[in-house]
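Peer 1: Below is a structure I'd like to ask you about.
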Amino acid sequence: MRSLVADKARFQRRILLLLLEGLGIPGDEAESFEEACGAAGGDLRFLDLSILPPAPPDSWREGVSGRTVVTGEAARDEELAAWIRSGADGFLLKPFTRDALARVLEDLDLS
Numbered sequence: 002m003r004s005l006v007a008d009k010a011r012f013q014r015r016i017l018l019l020l021l022e023g024l025g026i027p028g029d030e031a032e033s034f035e036e037a038c039g040a041a042g043g044d045l046r047f048l049d050l051s052i053l054p055p056a057p058p059d060s061w062r063e064g065v066s067g068r069t070v071v072t073g074e075a076a077r078d079e080e081l082a083a084w085i086r087s088g089a090d091g092f093l094l095k096p097f098t099r100d101a102l103a104r105v106l107e108d109l110d111l112s
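Take this note's numbering: the final residue in the sequence shown is number 112, and no numbers are missing along the way.
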């Protein structure tokens, strides 16, 4: 299994990638929504609200394989909820922690 982490902030991408690698899930980085959706591989994609349009496009899941987790701050709960309603598989709030990430992965039942 491989992951893809997409966020405007390189620092945030690196934190999440390090946490994932610590759980045995290697990954790659993307800086934009378009780059993340067009990237090959990535059984598990983490897309941050900083790169996502406020309202999910109807066709955003077309051509996107694997599971998608939206990341962001709790203050943007309406946007997080909109992405969940549009087909995202889960969400992970910042600041990222190993325990919170492990819970999200458990909820996704990736086994």
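Glycine included, every Cβ here is placed at the ideal spot set by N, Cα and C.
Computed from a predicted model, the values in this text were never measured in an experiment.
Report the residue ranges of all alpha helix (DSSP H) runs contained in full by the region 20-82; include only those spanning at least 4 residues, in chain order.
Peer 2: You should have 34-39.
Peer 1: Just how far apart, CA to CA, sit L45 and F34?
Peer 2: Taking the sequence shown and counting its residues from 1, the one referred to as residue 45 is at position 44. Taking the sequence shown and counting its residues from 1, the one referred to as residue 34 is at position 33. Computed Cα separation, rounded: 15 angstroms.
Peer 1: Excluding the five sequence neighbours on either side, which residues of its own chain have a C-beta within less than 8 angstroms of the C-beta of E80, listed in chain order?
Peer 2: Position 79 of the sequence shown, counted from the first residue, corresponds to residue 80. L50, L53, P55 and G73.
Peer 1: How far does the beta strand (DSSP E) with A7 in it reach, from first residue to last?
Peer 2: Translated into the one-based positions of the sequence shown, residue 7 becomes position 6. Counting along the chain, the beta strand (DSSP E) containing A7 begins and ends at S4 to A7.
Peer 1: Taking DSSP's pairing of strands, which residues face F92 in a bridge?
Peer 2: Indexing the sequence shown from 1 puts residue 92 at position 91. DSSP lists V71 as partners of F92.
Peer 1: Could you check which residue in E22, G25 and A37 has the C-alpha nearest to that of D8?
Peer 2: Taking the sequence shown and counting its residues from 1, one reaches residue 8 at position 7. Taking only the C-alpha atoms, the option nearest D8 is A37.
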